[in-house]
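Worksheet: the structure to be examined is printed underneath.
Residue numbers (our numbering): 1 to 289.
Now the structure itself:
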């Protein structure tokens with residue numbers, strides 16, 4: 001209890017239940033029973049808020065833990081993403097979700113098509129992707145951006161908004177101009193670990209929805225800044241997004257989020273600082289950063 005007699009606010013589920021460290025065998029047992037399959041537990045892919053398993057019928061099961069604060073009426077992203085045409089998403093087969101009152105979370109398991117292509121993973125590995133991958137990538141991003149939806153994107157588990165973007169930028173660059181003029185549909189967690197190669201599949205759809213134009217491209221561009229030539233390649237392929245007024249704001253947003261807390265021990269700190277400064281100078285001169 002706090003000194004005023006109120007209950008301390010509960011930590012987000014991802015901090016209370018890091019699935020890389022806690023035992024959730026009872027959850028896995030329940031999923032196996034509900035989906036009538038066996039999961040290859042010894043080969044689980046563990047992340048902070050999800051676990052992935054190959055099944056005995058050569059499908060893939062992803063188990064997610066979600067705090068009750070994230071029950072926003074938008075449903076579960078992967079199931080909802082089945083409406084997206086022209087985007088390489090693993091086919092969704094079935095899902096189960098339930099409330100866990102003891103831990104104050106919701107559990108969700110989705111069974112999907114098994115994708116044999118490995119995640120690209122580290123940004124340095126993206127430099128070896130063939131031209132055909134980039135063609136598939138551009139086609140998918142264009143199709144996704146045009147898809148209609150009432151969902152709102154939740155990058156880093158938080159709803160995106162003009163206020164959120166402006167607050168993050170103002171914390172580091174208080175005098176920066178940051179127009180947000182266009183909104184499109186976005187994956188909202190687009191990084192090299194969530195895409196496969198050399199054939200493109202896009203994974204982990206829990207956060208997708210409407211977002212300022214260029215959010216996805218800016219996220220990928222930002223995560224590529226430490227690899228020589230890679231951010232420039234992302235920019236070349238997604239130039240209409242990233243050089244739009246809103247896209248420039250999203251690039252500055254991604255840089256500001258890191259620069260607010262990092263120092264030069266962080267590999268992205270120096271390239272993000274240079275990129276942000278170039279964008280701010282270009283905004284003054286009217287040139288292209």
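In this text, a Cβ means the ideal position worked out from N, Cα and C, and glycines have one as well. Every value quoted in this text rests on a predicted model; they were computed, and no experiment measured them.
Closest by C-alpha distance to residue i, when choosing among the options
i: residue 290; options: 75, 37 and 49; result: One cannot answer for residue 290 here, as it falls past the ends of the chain, which runs 1 to 289.
i: residue 320; options: 264, 41 and 186; result: Only positions 1 to 289 of the chain appear in the structure, and residue 320 is not among them; the question remains open.
i: residue 190; options: 178, 128 and 206; result: 206
i: residue 162; options: 180, 147 and 254; result: 180
i: residue 255; options: 240, 93 and 231; result: 231
i: residue 122; options: 87, 92 and 192; result: 192
i: residue 299; options: 177, 178 and 132; result: This structure gives no information on residue 299, because the portion of the chain shown stretches from 1 to 289.
i: residue 183; options: 208, 145, 44 and 197; result: 145
i: residue 94; options: 111, 100 and 261; result: 111
Buried versus exposed, by CB contacts within 10 Å (16 or more), residue i
i: residue 52; result: buried
i: residue 174; result: exposed
i: residue 171; result: exposed
i: residue 107; result: buried
i: residue 158; result: exposed
i: residue 116; result: exposed
i: residue 265; result: exposed
i: residue 67; result: buried
i: residue 25; result: exposed
i: residue 167; result: exposed
i: residue 290; result: Look at the range of the chain in this structure, 1 to 289, and you will see that residue 290 is not part of it.
i: residue 62; result: buried
Boundaries (first-last residue) of the alpha helix (DSSP H) holding residue i
i: residue 253; result: 245-259
i: residue 27; result: 25-35
i: residue 120; result: From DSSP, residue 120 is part of no alpha helix (DSSP H); its letter is neither H nor E.
i: residue 61; result: Per DSSP, residue 61 belongs to no alpha helix (DSSP H); it is in the beta strand (DSSP E), 59-67.
i: residue 273; result: 269-285
Distance between residue j and residue i (C-alpha atoms, nearest Å)
i: residue 194; j: residue 119; result: 6 Å
i: residue 114; j: residue 282; result: 45 Å
i: residue 50; j: residue 284; result: 44 Å
i: residue 21; j: residue 278; result: 41 Å
i: residue 130; j: residue 156; result: 30 Å
i: residue 64; j: residue 109; result: 6 Å
i: residue 220; j: residue 27; result: 33 Å
i: residue 89; j: residue 199; result: 12 Å
i: residue 257; j: residue 79; result: 30 Å
i: residue 39; j: residue 32; result: 7 Å
i: residue 267; j: residue 35; result: 42 Å
i: residue 42; j: residue 60; result: 14 Å
Segment limits, beta strand (DSSP E) that includes residue i
i: residue 54; result: 50-54
i: residue 237; result: First-last for residue 237: 230-237, but that is the alpha helix (DSSP H), not the beta strand (DSSP E).
i: residue 164; result: Element bounds for residue 164: not the beta strand (DSSP E) but the alpha helix (DSSP H), 162-172.
Touching by the beta-carbon criterion (3+ pairs, under 8 Å), the stretch 219-229 and the stretch 269-279: yes
Touch check for the stretch 207-219 and the stretch 125-140: three-plus C-beta pairs under 8 Å? no
For the stretch 143-157 against the stretch 67-82, are there 3 or more C-beta pairs whose distance is under 8 Å? yes
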